[in-house]
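Only one structure is covered here, and it is reproduced in the block below.
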Amino acid sequence: MARLLYSAAMSLDGFIAGPDQDMSWLTDYAAEPNPTADRLLSRVGAVLAGNATFGGGDPNEDTEAEGAFGGRYDGPMFVLTHRPPSEPVPGVTFVGDLRTAVAEAATAAGEDYVNVLGADVARQCIEAGLLDEVLVMVVPVLLGGGTRLFDRPGGPPVALERLAGEDAHWYRVTY
Numbered sequence: 000m001a002r003l004l005y006s007a008a009m010s011l012d013g014f015i016a017g018p019d020q021d022m023s024w025l026t027d028y029a030a031e032p033n034p035t036a037d038r039l040l041s042r043v044g045a046v047l048a049g050n051a052t053f054g055g056g057d058p059n060e061d062t063e064a065e066g067a068f069g070g071r072y073d074g075p076m077f078v079l080t081h082r083p084p085s086e087p088v089p090g091v092t093f094v095g096d097l098r099t100a101v102a103e104a105a106t107a108a109g110e111d112y113v114n115v116l117g118a119d120v121a122r123q124c125i126e127a128g129l130l131d132e133v134l135v136m137v138v139p140v141l142l143g144g145g146t147r148l149f150d151r152p153g154g155p156p157v158a159l160e161r162l163a164g165e166d167a168h169w170y171r172v173t174y
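The numbering of the sequence shown is numbering that gives the first Met the number 0, which starts it at 0 and goes up by one.
In structure tokens, the structure reads:
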């Protein structure tokens, strides 16, 4: 059965995107070897992204490395949105309901991960009790503003348990 994993590269001060969804800050770091990302990529069976993430900036835009995991991911992608494009996008399924999007992505992923991309979709998954794990790859930069890894002002804390054997910031969500 597929597990839902929220993975993100995050600045040391807690941002996954700069102001206005700017991802250019990641360009210098995306080219560096990342064994954790490589290990994860081999275990991703489907991607579930929010519309802002899907249509947002890519640090590798207009290069051969454009797309998820530096353009190396080529599996099924599901985008949670109430505003799908008028024209189909090859390899992408647009879904208007969170539970339906998660179910379809999980079916596509099989025994592998559904990799959740985007802070808002991850927040929705946590609030619905659907998210299983969180992986954060900390990048040595301070952005000072932008989109936070997790932002739910006034919400209750979400307990995480470090996964055994992981040297990265990889946690199980404990509801």
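Just so it is clear, CB atoms sit at the ideal spot from N, CA and C, and this is done for glycine as well.
Everything numeric in this text was worked out from a predicted model, so none of it was measured.
{"Check": "Quick check on this structure: which residue in N50, G143, V94 and S23 has the alpha carbon closest to the alpha carbon of L116?", "Outcome": "N50"}
{"Check": "Could you check if L130 is buried or exposed, using at least 16 other CB atoms within 10 Å of its CB as the buried criterion?", "Outcome": "buried"}
{"Check": "If distances are taken between C-alpha atoms only, which option among S23, Y170 and G54 comes closest to P84?", "Outcome": "G54"}
{"Check": "State the Cα-Cα distance for the pair D12 and L142, rounded to the nearest angstrom.", "Outcome": "7 Å"}
{"Check": "Can you tell me where the alpha helix (DSSP H) holding V120 begins and where it ends?", "Outcome": "A118 to E126"}
{"Check": "Consult DSSP for N114 and reduce its assignment to one of helix, strand or coil.", "Outcome": "strand"}
{"Check": "Among all the DSSP beta bridges, which residues are the ones paired with F68?", "Outcome": "In the DSSP output, where bridge partners are listed per residue, F68 has none listed."}
{"Check": "Helix, strand or coil: how does DSSP classify F149 here?", "Outcome": "coil"}
{"Check": "Taking the CB atoms as reference points, tell me whether R38 and Y112 lie closer together than 8 Å.", "Outcome": "no"}
{"Check": "Is the Cβ of V140 closer than 8 Å to any Cβ of chain B?", "Outcome": "Absent from the structure is chain B; it holds one protein chain and no more."}
{"Check": "Would the beta-carbon of V46 fall within 8 Å of that of F93?", "Outcome": "no"}
{"Check": "Tell me W169's beta-bridge partners as DSSP assigns them.", "Outcome": "L134"}
{"Check": "Three-state secondary structure (DSSP) at T26?", "Outcome": "helix"}
{"Check": "If you draw a straight line from the C-alpha of M136 to the C-alpha of D19, how long is it?", "Outcome": "21 Å"}
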